[in-house]
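Enquirer: With our numbering applied, the sequence shown closes on residue 818, and no number is skipped along the way. Using N, Cα and C, we set each Cβ at its ideal position, and we do this for glycine too.
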Amino acid sequence: MKIIRKTIAPSLLLLMLVLCGTVNAGERIAILSFELNDITSLPNTQTERVRTASIKTLLEQDINRVGDYDIIQISPDQQQAENAGFGYLFRFHDVAAKLGKKYGADWIIVGQHSKPSFLYSYLMAHVINIKTGRLVARYDVELKGNHQKVTQRGVRKLSREINKVIIKLGNGG
646 MKIIRKTIAP SLLLLMLVLC GTVNAGERIA ILSFELNDIT SLPNTQTERV
696 RTASIKTLLE QDINRVGDYD IIQISPDQQQ AENAGFGYLF RFHDVAAKLG
746 KKYGADWIIV GQHSKPSFLY SYLMAHVINI KTGRLVARYD VELKGNHQKV
796 TQRGVRKLSR EINKVIIKLG NGG
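So this is what it looks like as structure tokens:
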């Protein structure tokens, strides 16, 4: 009876704590800086570059608002070192997954801000599973207008969709 009280009971308690801690651990998500694909007659203005640069931060904040996630930081310099050219990481999911794996992420979000017109643009995001190196979801969110409120609304919609797919697939896979 003493063996059970002194050895087995604490061991079971420790095992339960470890398992519960693992189940409740937040998914680790890396969100890369969005690339601007501005094909209007006056492309890549300072205003659009600033707007596009804000998308990563807005998405990180909103992803944390909708779910229990650990945001993995990958700097623009680290991203650029792996990027062979415009759209490379967006098109080659396995390369993006290797970048995310290097920094301990479960998921990596690679995105572009596509602007075919002055009136509207699209937030395009790929959700990539680090374990498999495969695209698990692709989202295109239309932004009608170019002011900050529109961008925030689009990012909010995008974060809800990303949250849904990660909850559905769970724990990196």
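Closer than 7 Å by C-beta to L803: which residues in its own chain qualify, once you throw out the five before and the five after it? Chain order, please.
Expert: L704, L768, A770, Y784 and V786
Enquirer: Only counting the same chain, and skipping five residues up and downstream in sequence, which positions put a Cβ closer than 8 Å to that of V668?
Expert: Low per-residue confidence applies at V668: pLDDT is 42, beneath 50, and the placement is therefore not dependable, though the value from the model is reported in the following sentence. Same-chain partners within the cutoff: there are none.
Enquirer: Going by other Cβ atoms of all chains shown within 10 Å of its Cβ, with 16 needed for buried, is L662 buried or exposed?
Expert: With a pLDDT of only 49 at L662, under 50, the local geometry of the prediction cannot be trusted, and the value read off the model is given with reservation. Its Cβ having fewer than 16 others within 10 Å, L662 is exposed.
Enquirer: Helix, strand or coil: how does DSSP classify V810 here?
Expert: helix
Enquirer: Looking at C-alpha atoms only, which residue of F763, L764, K747 and K794 is the closest neighbour of G778?
Expert: K747
Enquirer: Thinking just about the alpha-carbon of each residue, which of D707, I753, Q718 and I716 is nearest to the one in L734?
Expert: I753
Enquirer: Does the Cβ-Cβ distance between K701 and F731 come in under 8 Å?
Expert: no
Enquirer: Just to confirm before moving on: does the CB-CB distance between R673 and G756 stay below 8 Å?
Expert: no
Enquirer: From the DSSP output, in three-state form, read off G745 for me.
Expert: helix
Enquirer: What would DSSP say about T667, mapped onto helix, strand or coil?
Expert: Any reading at T667 must be qualified, since the residue scores a pLDDT of 42, below 50, and its modelled position is unreliable; the value itself is stated next. Three-state result, T667: helix.
Enquirer: Compare the beta carbon distance of A675 and I719 with 8 Å and say whether it is the shorter of the two.
Expert: yes
Enquirer: Please give the ranges of any alpha helix (DSSP H) in the stretch 713-787, keeping only runs that are unbroken, at least 4 residues long and fully inside the region.
Expert: 721-727, 733-736 and 738-747
Enquirer: Pick helix, strand or coil for N709, following the three-state DSSP scheme.
Expert: Helix at N709.
Enquirer: Can you give the Cα-Cα distance for V781 and E806, rounded to whole angstroms?
Expert: Near 12 Å, if we compare the C-alpha coordinates of E806 and V781.
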